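Asker: Here's a structure for you.
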Amino acid sequence: MENRTCPRCGRTLTGAEPEGLCPRCLMEGAAESPAAATFAAPTPESLASHFPGYEIQTLLGRGGMGAVYRARDKKLDRPVAIKILPPELGADPEFAERFLREAKVLGRLNHVHIVQVYDFGEVEGLLYIIMSHFDGGGLRDRLRRGALGVDEASRLLREVGDALGYAHGEGIIHRDVKPENVLLGKDGHVRLADFGLVRLAEADGLSRTQQALGTPYYMAPEQLSRPGAVDARADIYAFGVLAYEMLTGELPIGQFAAASSTRGVPESYDAVIRRCLQSDPESRWETMAAVTQALAGHPRRAAPPPVPPPDAESMSEKSLRTILILGALAFLFCFAKWFNVSVVGSAAGKDVAKLMSQFGDWSGFAIEVVGYRSNFNLLIFEFPGWFFILFAVALVAAAWSHRAGWWEIPRAAYLALAAIPLLALLITAMSITSTSSLGGVVQFKFTPLLGYFVELGLWVGVLIAVMRTYSRSGEEAPQKAPATRAVRSQRRAAGRKAKKQRREHLFDGVTSTDHSADKQRNSPSDDPSPS
Amino acid sequence: MSAFRTTRWSVVLNAGHRTPEGARALDQLCGDYWYPLYAVSRRRGNDAHAAEDLVQGFFARLLEREDIARADPARGRFRGYLRTSFENYMRNEHAARTAAKRGGGRPHIPLDAEQRYALEPADGDDPAALFDRAWAHSLLRSTLGRLRAEYAVRDKEGLFDALKAGLAGGGPPYAEVAADLGMTEGAVKVAAHRLRQRYREALRTAVAETVESETEIEDEIQALFRVL
Numbered sequence: 002m003e004n005r006t007c008p009r010c011g012r013t014l015t016g017a018e019p020e021g022l023c024p025r026c027l028m029e030g031a032a033e034s035p036a037a038a039t040f041a042a043p044t045p046e047s048l049a050s051h052f053p054g055y056e057i058q059t060l061l062g063r064g065g066m067g068a069v070y071r072a073r074d075k076k077l078d079r080p081v082a083i084k085i086l087p088p089e090l091g092a093d094p095e096f097a098e099r100f101l102r103e104a105k106v107l108g109r110l111n112h113v114h115i116v117q118v119y120d121f122g123e124v125e126g127l128l129y130i131i132m133s134h135f136d137g138g139g140l141r142d143r144l145r146r147g148a149l150g151v152d153e154a155s156r157l158l159r160e161v162g163d164a165l166g167y168a169h170g171e172g173i174i175h176r177d178v179k180p181e182n183v184l185l186g187k188d189g190h191v192r193l194a195d196f197g198l199v200r201l202a203e204a205d206g207l208s209r210t211q212q213a214l215g216t217p218y219y220m221a222p223e224q225l226s227r228p229g230a231v232d233a234r235a236d237i238y239a240f241g242v243l244a245y246e247m248l249t250g251e252l253p254i255g256q257f258a259a260a261s262s263t264r265g266v267p268e269s270y271d272a273v274i275r276r277c278l279q280s281d282p283e284s285r286w287e288t289m290a291a292v293t294q295a296l297a298g299h300p301r302r303a304a305p306p307p308v309p310p311p312d313a314e315s316m317s318e319k320s321l322r323t324i325l326i327l328g329a330l331a332f333l334f335c336f337a338k339w340f341n342v343s344v345v346g347s348a349a350g351k352d353v354a355k356l357m358s359q360f361g362d363w364s365g366f367a368i369e370v371v372g373y374r375s376n377f378n379l380l381i382f383e384f385p386g387w388f389f390i391l392f393a394v395a396l397v398a399a400a401w402s403h404r405a406g407w408w409e410i411p412r413a414a415y416l417a418l419a420a421i422p423l424l425a426l427l428i429t430a431m432s433i434t435s436t437s438s439l440g441g442v443v444q445f446k447f448t449p450l451l452g453y454f455v456e457l458g459l460w461v462g463v464l465i466a467v468m469r470t471y472s473r474s475g476e477e478a479p480q481k482a483p484a485t486r487a488v489r490s491q492r493r494a495a496g497r498k499a500k501k502q503r504r505e506h507l508f509d510g511v512t513s514t515d516h517s518a519d520k521q522r523n524s525p526s527d528d529p530s531p532s
Numbered sequence: 002m003s004a005f006r007t008t009r010w011s012v013v014l015n016a017g018h019r020t021p022e023g024a025r026a027l028d029q030l031c032g033d034y035w036y037p038l039y040a041v042s043r044r045r046g047n048d049a050h051a052a053e054d055l056v057q058g059f060f061a062r063l064l065e066r067e068d069i070a071r072a073d074p075a076r077g078r079f080r081g082y083l084r085t086s087f088e089n090y091m092r093n094e095h096a097a098r099t100a101a102k103r104g105g106g107r108p109h110i111p112l113d114a115e116q117r118y119a120l121e122p123a124d125g126d127d128p129a130a131l132f133d134r135a136w137a138h139s140l141l142r143s144t145l146g147r148l149r150a151e152y153a154v155r156d157k158e159g160l161f162d163a164l165k166a167g168l169a170g171g172g173p174p175y176a177e178v179a180a181d182l183g184m185t186e187g188a189v190k191v192a193a194h195r196l197r198q199r200y201r202e203a204l205r206t207a208v209a210e211t212v213e214s215e216t217e218i219e220d221e222i223q224a225l226f227r228v229l
């Protein structure tokens with residue numbers, strides 16, 4: 002084979018090259034900027050005739066969508082950047098028309114962190130955009146040296162987020178947010194470049210795959226699967242990738258570590274980034290502003306609640322379980338009372354021994370209760386059904402309020418309803434002390450010690466809980482009296498579980514444990530049936 | 002799309018070449034990059050026969066023994082690993098002499114190795130640079146070969162030949178190609194674009210097989226670009 006030279010780079014070819022093509026140019030063609038492969042950027046000199054109003058200085062770089070030159074606007078004497086799109090794109094009249102239409106929209110973008118479009122057009126089949134130029138490099142260059150510091154990354158991300166948020170507000174989606182398109186000025190601020198250009202190319206049906214080949218990591222899944230339906234949330238996805246990369250120096254690919262595993266990155270960032278990176282757009286943040294605010298540590302209340310810190314989560318689960326158990330216990334207890342009095346008590350005049358043989362150990366209760374039914378009866382036993390309905394409502398209200406998170410009103414209702422069993426208990430407890438003198442219908446033949454202790458324990462717990470509630474905050478004090486059931490639960494939680502559990506978690510934390518809440522919802526209606 | 006696709010090299014590194022998939026991946030890799038080792042071996046003063054034996058022996062040993070397991074704990078790319086361990090291997094004359102007698106998995110020997118080597122610049126660069134350059138050539142060669150095969154399957158080899166120069170930024174004007182192939186200029190333009198896309202995809206995929214993670218693809222391409 003005779004020696005030839007590469008028509009593009011001029012190197013001598015020996016004939017050993019693959020397919021006889023210049024390997025150097027081939028390799029370059031596969032490099033990240035897709036069009037660089039085939040788009041031989043015109044020299045600045047050759048462009049001069051196209052742009053008489055500008056002094057074209059140097060080629061700054063070639064990218065996926067053309068070449069960028071530094072130039073000087075002769076009239077205004079200011080530096081500009083001129084971007085030339087690959088001529089093959091300009092040769093397509095449809096694309097050219099779309100480009101001019103889109104560029105007009107881009108020209109409207111005016112934001113401190115967005116590269117300003119000064120002019121655009123077509124000259125001799127060459128599509129161009131003239132933009133503001135400033136000294137600095139791309140974020141990509143910076144990232145080659147590793148992750149940014151958290152402070153710097155946060156600041157730059159805020160700027161990028163602001164720019165994107167602004168553009169979204171103007172109805173423009175970037176669609177190609179990546180470090181290459183985030184210019185980092187010497188002034189330390191970022192400018193976002195290449196807004197919406199990808200969409201142009203996508204519409205042309207040309208560069209969708211091309212883009213996917215170049216930098217797929219920043220593309221939201223839906224950009225590949227259904228590019229027509231892409232909205233601002235695609236940018237939010239890319240922003241999440243960018244944020245992760247800036248903070249960690251890595252791309253969030255596969256089973257990636259939490260950003261906070263990089264030194265200095267706050268854990269609060271993890272949830273924010275994770276939500277940006279959801280593959281379902283519906284699960285992502287809805288707006289750029291929400292992302293930046295969350296990153297800044299001020300998540301908006303209106304936004305769906307971020308995942309609570311793991312500590313509170315586990316605690317709330319325990320709390321809810323405690324409440325459930327206590328609720329069930331209290332329910333059983335009261336049911337037993339009711340059962341004894343209304344079923345057993347009605348037979349009070351009959352033979353106690355017969356009762357005992359019929360009801361076994363329960364008769365201890367029966368005798369006890371019947372013994373002072375004159376007191377207890379007044380409050381509860383005239384309305385057993387009413388009592389149970391209230392109880393069930395209270396439980397449902399409690400469950401619902403925990404679940405909904407918006408618990409102030411239902412909790413108040415719950416506390417009020419919970420007062421019923423408290424009063425019942427109160428009277429019962431008082432009765433205990435006076436039982437012996439009461440006599441009642443049935444003579445005591447047994448000492449229902451167990452029943453006494455259970456009641457006594459509950460009552461002491463209630464007292465302690467009420468006192469704690471009282472002493473904890475004035476705000477809760479008015480609810481003290483009706484706080485019985487809640488408080489009884491809390492007493493158990495506080496006393497049995499761990500003293501370190503602070504009271505508010507009993508209520509605050511339960512929001513996330515849907516499953517348990519569901520169970521609690523069901524329990525009031527399920528439980529009475531065994532009777 | 003964001004899911005990380007396992008590369009052959011990472012399969013070898015993670016699974017170990019003792020596992021079936023690890024061995025298969027390594028075998029494929031060795032087949033693709035046989036020539037760079039051959040070129041280095043020749044450059045080190047071995048004749049064609051000895052060089053072939055060396056490379057075969059080296060691969061046989063690589064596939065048979067625990068060399069991979071003893072690979073640099075810092076890991077790194079397949080290219081670097083292969084070159085270093087081959088250089089080490091060559092220093093052991095005895096191993097080189099006996100290698101050819103060993104059995105075990107052996108990659109297919111490219112027939113044109115010596116012809117290719119004859120075309121390498123006789124003077125100049127050191128074996129390491131030669132290796133890297135040969136490596137890049139092998140990469141491009143296998144990629145283009147794959148592309149050609151793809152086009153051939155669709156009876157479009159002529160189109161491939163007409164447009165392949167465009168992959169390196171050259172080639173005849175589209176109008177000329179269009180006239181030759183009886184296509185419209187627009188259709189040629191689109192075809193050229195598709196070929197470039199497909200080429201990029203294929204080459205990046207091939208590179209991906211030799212690096213540990215996809216994030217290194219671009220770096221590797223840049224590195225190879227520099228040695229060319």
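Sequence lines, in order, name chains A and B.
When the letters of the first sequence are read in order and numbered with the numbering used here, they come out as residues 2 to 532.
When the letters of the second sequence are read in order and numbered with the numbering used here, they come out as residues 2 to 229.
For every residue, glycine included, the Cβ atom is placed at its ideal position computed from N, Cα and C.
From a predicted model like this one, the values you see are computed outputs, not experimental measurements.
1) Assuming the contact rule is C-beta atoms closer than 8 Å, A/F121 and A/I115 should be a hit. Round their C-beta distance to whole Å, please.
2) If you measure beta-carbon to beta-carbon, which residues of the segment 158-179 of chain B are closer than 7 Å to chain A?
3) Which of the three DSSP states, helix, strand or coil, is assigned to A/I173?
4) Starting from A/T6, follow its DSSP beta bridges and name the residues at the other end.
5) Kindly indicate which three-state DSSP category A/I76 falls into: helix, strand or coil?
6) Leaving out five residues before and five after A/A154 in sequence, what residues of the same chain have Cβ atoms less than 8 Å from its Cβ?
7) Please confirm whether A/P80 has its beta-carbon closer than 8 Å to some beta-carbon of chain B.
8) With distances taken Cα to Cα, identify the nearest neighbour of A/M289 among A/D177, A/R234, A/G54.
9) Are any of the Cβ atoms in chain B nearer than 8 Å to that of A/C277?
10) Apply the 10 Å Cβ neighbour rule to B/A176 and answer buried if 16 or more other Cβ atoms are within range, or exposed otherwise.
11) Using 7 Å as the cut-off, classify the Cβ of A/E20 as near or not near the heavy atoms of the ligand HEM, replying yes or no.
12) Rounding to the nearest angstrom, what Cα-Cα distance links B/E219 and A/M28 in this structure?
13) Can you find a CB in chain B that lies within less than 8 Å of the CB of A/M28?
14) Check whether the Cβ of B/A26 lies closer than 8 Å to any Cβ atom in chain A.
15) Roughly how many angstroms separate the alpha carbons of A/L193 and A/P43, rounded to a whole number?
16) Return yes when the Cβ of B/A40 is within less than 8 Å of the Cβ of B/L140, no when it is not.
17) Around the C-beta of B/S42, are 16 or more other C-beta atoms found within 10 angstroms, so that it is buried, or is it exposed?
18) Could you check which residue in A/D281, A/P253, A/A297, A/S262 has the C-alpha nearest to that of A/S535?
19) What are the boundary residues of the alpha helix (DSSP H) that includes B/Y34?
20) Considering only DSSP beta bridges, list what A/I131 is partnered with.
21) Excluding five sequence neighbours on each side, which residues of the same chain lie with their C-beta closer than 7 Å to the C-beta of A/P305?
22) Taking Cβ-Cβ distances shorter than 9 Å, what residues in chain B pair up with A/P45?
23) Near B/Y118, which residues of its chain fall below 6 Å by C-beta distance, leaving aside the five closest residues on each side in sequence?
24) Mind checking the segment 136-147 of chain B against chain A and listing, in chain order, the residues whose C-beta falls within less than 9 Å of any C-beta there?
25) Using a Cβ-Cβ distance cut-off of 8 Å, determine whether B/T211 contacts chain A.
26) Determine the chain A residues that contact B/Y200 at a beta-carbon separation under 9 Å, and present them in chain order.
27) Taking DSSP's pairing of strands, which residues face A/G139 in a bridge?
28) Work out the CA separation of B/G171 and A/L157 for me, nearest whole Å.
29) Since B/L196 and B/G167 should fall inside the 8 Å C-beta cutoff, what is the C-beta to C-beta distance between them, to a whole number of angstroms?
30) From which residue to which residue does the alpha helix (DSSP H) around B/L141 run?
31) Name the residues in the segment 261-275 of chain A whose C-beta lies less than 9 Å from a C-beta of chain B; which are they?
32) Can at least three beta-carbon pairs, one atom from the segment 161-169 of chain A and one from the segment 83-99 of chain A, be found at a separation below 8 Å?
33) When DSSP builds the beta bridges, which residues end up paired with A/R192?
34) Out of B/L38, B/A180, B/R205, which one is the CA nearest neighbour of B/E88?
35) Is there a Cβ of chain B sitting closer than 8 Å to that of A/R9, yes or no?
36) Which class does A/I254 belong to by DSSP, given the choice of helix, strand or coil?
Answerer: Taking the geometry as given:
1) About 15 Å separates the two Cβ atoms, so there is no contact after all.
2) Against chain A - using a Cβ distance shorter than 7 Å - the residues of the segment 158-179 of chain B are K165, A166, G167, L168, A169, G170, G171.
3) A/I173 falls in the coil class under three-state DSSP.
4) Bridge partners of A/T6: A/T13.
5) A quick correction: the sequence has Lys, not Ile, at residue 76 of chain A. Reduced to three states, the DSSP call for A/K76 is coil.
6) So the list reads A148, A244, M247, L248, once near-sequence residues are dropped.
7) No, its Cβ sits nowhere closer than 8 Å to a Cβ of chain B.
8) For the set A/D177, A/R234, A/G54, the Cα lying nearest the Cα of A/M289 is the one of A/R234.
9) Output row for A/C277: interface = no.
10) By the Cβ neighbour-count rule, B/A176 is exposed, with fewer than 16 other Cβ atoms within 10 Å of its own.
11) Annotation note on the ligand HEM: not contained in the displayed structure, which lists no ligands.
12) Cα-Cα distance, rounded: 11 Å.
13) It does: the Cβ of A/M28 has a partner Cβ on chain B nearer than 8 Å.
14) Not closer than 8 Å to any Cβ of chain A, the Cβ of B/A26 fails to qualify, so no.
15) The straight-line gap separating the alpha-carbon atoms of A/L193 and A/P43 is approximately 25 Å.
16) No, these two residues do not count as a Cβ contact at 8 Å.
17) Only buried fits B/S42, as 16 or more other CB atoms lie within 10 angstroms of its CB.
18) The displayed coordinates of chain A run from 2 to 532. Any statement about residue 535 of chain A would go beyond what the structure contains.
19) That residue, B/Y34, is in no alpha helix (DSSP H); it is neither H nor E in DSSP.
20) The partner list for A/I131 (beta bridge, DSSP) reads A/I83, A/D120.
21) The predicted position of A/P305 is uncertain, since its pLDDT is 40 and thus under 50; a value taken from the coordinates is nonetheless stated next. Counting only Cβ-Cβ distances below 7 Å, and skipping sequence neighbours, we find nothing.
22) Within 9 Å Cβ-Cβ: nothing; A/P45 doesn't reach chain B, min ~19 Å.
23) In the same chain as B/Y118, and ignoring 5 residues on each side of it, the C-beta atoms closer than 6 Å to its own belong to A40, R43, in chain order.
24) Listed by position, the residues of the segment 136-147 of chain B near chain A (Cβ gap below 9 Å) are A137, H138, S139, L140, L141, R142, S143, T144, L145, G146.
25) No, because no Cβ of chain A sits closer than 8 Å to the Cβ of B/T211.
26) The contacting residues are L27, G30, A31, A38.
27) A/L184, per the DSSP bridge assignment.
28) The alpha-carbon atoms of A/L157 and B/G171 are separated by roughly 41 Å.
29) The pair is a contact, with the Cβ atoms about 7 Å apart (cut-off 8 Å).
30) Element bounds for B/L141: 128-154.
31) From the segment 261-275 of chain A, no residue has a Cβ closer than 9 Å to chain B.
32) In short, these stretches do not touch, since the Cβ pair count stays below three.
33) For A/R192, which the question treats as bridged, DSSP gives the partners A/L184.
34) If we check each option's Cα against that of B/E88, B/L38 comes out closest.
35) Yes, A/R9 counts as interfacial toward chain B.
36) Coil.
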